[in-house]
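Here is the structure we will look at, set down as structure tokens.
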Amino acid sequence: MKTKSLLAACAALVLVTIAVGQSAAAPTDAAALHKLSQERLQQKSTKEAVELAEQATQADATKPEYFSQLGIALSVRMGEMNFMQQAMVAGKMRKAFEKSIALDPKHVAGLIGLARYYANAPEIAGGSLEKAREFADRVHALNPVLGLAEYANIAEKGEDYAGALAHFEAALKLKPDSANLTNACGRMLAKLGKKDEARARFEAALKINPEFEAAKKALAALDAPAATNS
4 MKTKSLLAAC
14 AALVLVTIAV
24 GQSAAAPTDA
34 AALHKLSQER
44 LQQKSTKEAV
54 ELAEQATQAD
64 ATKPEYFSQL
74 GIALSVRMGE
84 MNFMQQAMVA
94 GKMRKAFEKS
104 IALDPKHVAG
114 LIGLARYYAN
124 APEIAGGSLE
134 KAREFADRVH
144 ALNPVLGLAE
154 YANIAEKGED
164 YAGALAHFEA
174 ALKLKPDSAN
184 LTNACGRMLA
194 KLGKKDEARA
204 RFEAALKINP
214 EFEAAKKALA
224 ALDAPAATNS
């Protein structure tokens with residue numbers, strides 16, 4: 004099962020400062036393990052990020068953020084696996100997110116993780132856009148911007164690009180300085196065949212964040228057909 008990365012659901016990553024001369028052995032403190040897992044994920048060392056997140060949950064099983072970090076790390080790790088491996092890891096990822104919201108029903112990262120799990124999982128593995136919307140509703144009640152973005156993701160998964168655009172637009176009104184949301188509107192406009200409007204959104208996203216690679220790639224993709232036909 005191909006699962007979308009959940010990195011956008013993470014809070015800002017906190018880097019762990021390691022004292023000079025410290026041994027290479029992994030720390031045993033749960034908070035340090037958790038932070039180091041976030042750091043390794045940012046560094047794209049996904050296997051180690053998963054291992055550290057698992058150790059954090061074992062060291063302290065009372066923190067919802069430790070379990071959601073495990074789910075996030077597993078979701079990214081799955082993108083590096085073949086289909087059979089993904090199927091084996093998917094259940095573990097879902098359980099990590101479920102544990103996070105069992106500990107705290109208002110834990111947004113866990114709710115987003117489950118919304119995306121059910122939106123992306125095949126039906127045979129329990130995938131359901133309806134169930135995804137239920138979790139998106141809970142996200143929306145806690146954070147309207149993130150909730151609208153999840154509604155948009157679910158609509159996009161169902162190939163309702165106009166509906167997805169409407170949700171992204173609504174989220175953008177609440178957070179007009181978001182390069183991610185501006186770019187997302189551009190993506191939906193491109194899918195709807197509105198290339199000029201899409202281009203304007205991608206360019207607007209780059210004005211907000213000139214280093215935003217997703218918008219750069221999207222602009223290049225818009226230009227690719229013309230380049231091919233020339």
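In our numbering, the protein residues as written are 4 to 233.
Every residue, glycine too, gets a C-beta built ideally from N, C-alpha and C.
Here's the rule: buried if 16 or more other CB atoms are within 10 angstroms of the residue's CB, otherwise exposed. What is residue i?
i	result
Gly129	exposed
Glu214	exposed
Gln41	buried
Asn123	buried
Ile127	exposed
Thr60	buried
Asn85	exposed
Ala227	exposed
Met96	buried
Leu145	exposed
Please return the same chain residues whose Cβ sits closer than 7 angstroms to the Cβ of residue i, not counting the five positions on each side in sequence.
i	result
Leu149	Val111, Ile115 and Val142
Phe205	Asn186, Gly189, Ala218, Ala221 and Leu222
Glu153	Ile115, Ala118, Ala139 and Val142
Ala208	Ala182, Thr185, Asn186, Gly189, Phe215 and Ala218
Ala201	Gly189, Leu192, Ala193 and Leu225
Pro147	Leu177
Leu132	Ala122, Ile157, Lys160 and Gly161
Tell whether a beta-carbon distance below 8 angstroms holds between residue i and residue j.
i	j	result
Lys50	Arg80	yes
Asp117	Phe138	This sequence places Leu at residue 117; Asp is not what is there. Result yes, Cβ atoms of Leu117 and Phe138 sit closer than 8 angstroms.
Gly113	Ser71	yes
Leu39	Glu57	no
Val53	Ala35	no
Tell me which residues share the same chain as residue i and place their Cβ nearer than 6 angstroms to its Cβ, disregarding the 5 neighbours each side in the sequence.
i	result
Glu159	Ala167
Ala135	Ala118, Tyr121, Ala122 and Ile157
Ser103	Pro67, Phe70, Ser71, His110 and Gly113
For residue i, which residues from the same chain have a beta carbon less than 8 angstroms from its beta carbon, with the 5 sequence-adjacent residues on both sides left out?
i	result
Asp140	Gly150
His170	Leu151, Ala152, Tyr154, Ala155 and Ala158
Asp32	Ala62
### Task
Check whether the segment 194-203 touches the segment 171-186, counting contact only when three or more Cβ pairs, one atom from each stretch, lie closer than 8 angstroms.
no
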